[in-house]
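Trainee:
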Amino acid sequence: MDCCRKAPVAVIGSGPAGLINAFLLLDAGYPVTVFEAFHELGGVLRYGIPEFRLPNRLIDHVVERIRERGGRFVKNFIAGKTATLDQLKEAGFWKIFVGTGAGLPRFLNVPGEHLLGVMSANEFLTRVNLMQANLEDHETPLPETKGKQVIVIGGGNTAMDAARTALRLGGEVTIVYRRTREEMPVRKEELEHALEEGIQVKYLRTPREFIGSSKTHFVREAILDVMELGEPDASGRRRPVVTGNTETMTVHLAIMALGNSPNPIVKDAEPELKITRWGTIEVDTQSQRTSIQNVYSGGDAARGGSIAIKAAGDGQNAAHEIIGGVPYKLNEVRERVGKALALIRNRL
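Residue numbering for the sequence shown is 837 to 1184, as defined by the working numbering.
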């Protein structure tokens, strides 16, 4: 591969969208640098999916194949903070793919969510999968789970991942979901795995308040609203309605698996980058192009919380759009490559 005959491309994010994008561009002869915010590569594939579902060795294999093709990786790089998109362009990168995912968790905004032991599924899974905070000698360990009451609020695939992870850490786990089993967005087999492992599910329940210890400020109880189903809402599922009845559960760890939104750091640093009303990066219809010339986006950053296979599809589509000739003379390409390499060396 002659890496000095095509201009460099920057891929921001090493999740499913970024990895497939980088792989395909490298195969087409483009020099590619992948910028990752974390200290480990793989994005949500590594921090968001438990190893019992997706072994790390498979992610490492993909990363190694990218390296074998000449791909470079820069870790601890936060787009919009470490460098803006304009700064990457000034450094010589011809086109940029933004695959920064959706890592900003949603909460219920109920009393007591500030208590210790109440956290998002994103934080819980990241601390276990990426930081091994479940180990006793960790500087900031997770709350004790062995033999403790753990509730997971939500009905999607991430809720199942969090619940099954907590179970493997010795917790007595209950999933709390505000609708019935029929309305759960989770893949059927994921729910079946959780039930087979002994995880309990409370349907038609949702927390209205968390109560903690006045001494330790750790959560101790959850007061649940009992729900019933009313008329269908915009999603086509019947809307949960509060009945006025409540239940109280003992809780030592509460994990909120209510979905994620894209982190606003990129959009806050890029005033020309158009954003949808859902906070996602706006891309053209039937395209991954953004409102900024030569900048593409895909995966959860552009579509909101979704599944890895759809994110990978976006990365693939963007790669096909980028591939197709470089509008620069050979000496201009080499100049851009030199600038990009200088930036990479400064970050390594």
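All C-beta atoms in this analysis are idealised placements derived from N, C-alpha and C, irrespective of residue type, glycine included.
Given the structure is predicted, the values throughout are model-derived calculations rather than measurements.
Note the first and the last residue of the continuous beta strand (DSSP E) segment covering residue 996.
Mentor: Segment 993-1004 is the alpha helix (DSSP H) holding residue 996; no beta strand (DSSP E) there.
Trainee: Kindly indicate the opening and closing residues of the beta strand (DSSP E) around residue 779.
Mentor: As displayed, the chain neither begins before 837 nor continues past 1184, which places residue 779 out of reach and without an answer.
Trainee: Output needed for residue 1105: all residues of its chain with C-beta closer than 6 Å, excluding positions within five of it in sequence on either side, in chain order.
Mentor: Same-chain partners within the cutoff: 916, 920.
Trainee: When you compare the CB positions of residue 1092 and residue 957, do they come within less than 8 Å of one another, or not?
Mentor: Yes, Cβ-Cβ distance for residue 1092 and residue 957 is below 8 Å.
Trainee: To the nearest angstrom, report how far apart residue 1189 and residue 1012 are at their CA atoms.
Mentor: The question about residue 1189 has no answer here: the residues shown for the chain are numbered 837 through 1184.
Trainee: Of the residues 1028, 903, 1026, 961, which one's Cα is nearest the Cα of residue 1190?
Mentor: A query on residue 1190 cannot be resolved here, the shown segment of the chain reaching from 837 to 1184 and no further.
Trainee: Assign residue 883 to one of three DSSP states: helix, strand, or coil.
Mentor: Here residue 883 sits in helix by DSSP.
Trainee: Touching or not, the segment 887-894 and the segment 841-854, by the rule of three or more beta carbon pairs under 8 Å?
Mentor: no
Trainee: For residue 1151 and residue 856, which I take to be in contact (beta-carbon distance under 8 Å), what is that distance rounded to the nearest angstrom?
Mentor: 4 Å
Trainee: Give a yes or no on whether the C-beta atoms belonging to residue 1087 and residue 923 are separated by under 8 Å.
Mentor: No, the pair does not count as a contact, with Cβ atoms beyond the cut-off.
Trainee: Given that a residue counts as buried once 16 or more other Cβ atoms are within 10 Å of its Cβ, and exposed if not, what is residue 893?
Mentor: exposed
Trainee: Thinking residue 872 and residue 929 are a contact (beta carbons under 8 Å), I'd like their distance in whole angstroms, please.
Mentor: Wrong, their Cβ atoms sit about 15 Å apart, outside the cutoff.
Trainee: With 16 as the cutoff for other CB atoms within 10 Å, does residue 1019 come out buried or exposed?
Mentor: buried
Trainee: Can you say whether residue 945 is buried or exposed, counting buried as having 16 or more other CB atoms within 10 angstroms of its CB?
Mentor: exposed
Trainee: Output needed for residue 1056: all residues of its chain with C-beta closer than 8 Å, excluding positions within five of it in sequence on either side, in chain order.
Mentor: 1047, 1048, 1049, 1086, 1087, 1088
Trainee: Run through DSSP, which three-state label would residue 852 get?
Mentor: helix
Trainee: On a CA-only basis, which of 1144, 1103, 907, 975 is nearest residue 1131? Give me that one, please.
Mentor: 1103
Trainee: Is residue 888 helix, strand or coil when you go by DSSP?
Mentor: coil
Trainee: Provide the residue(s) that pair with residue 910 in DSSP beta bridges, ordered along the chain.
Mentor: According to DSSP, which records beta bridges pairwise, residue 910 is partnered with 871.
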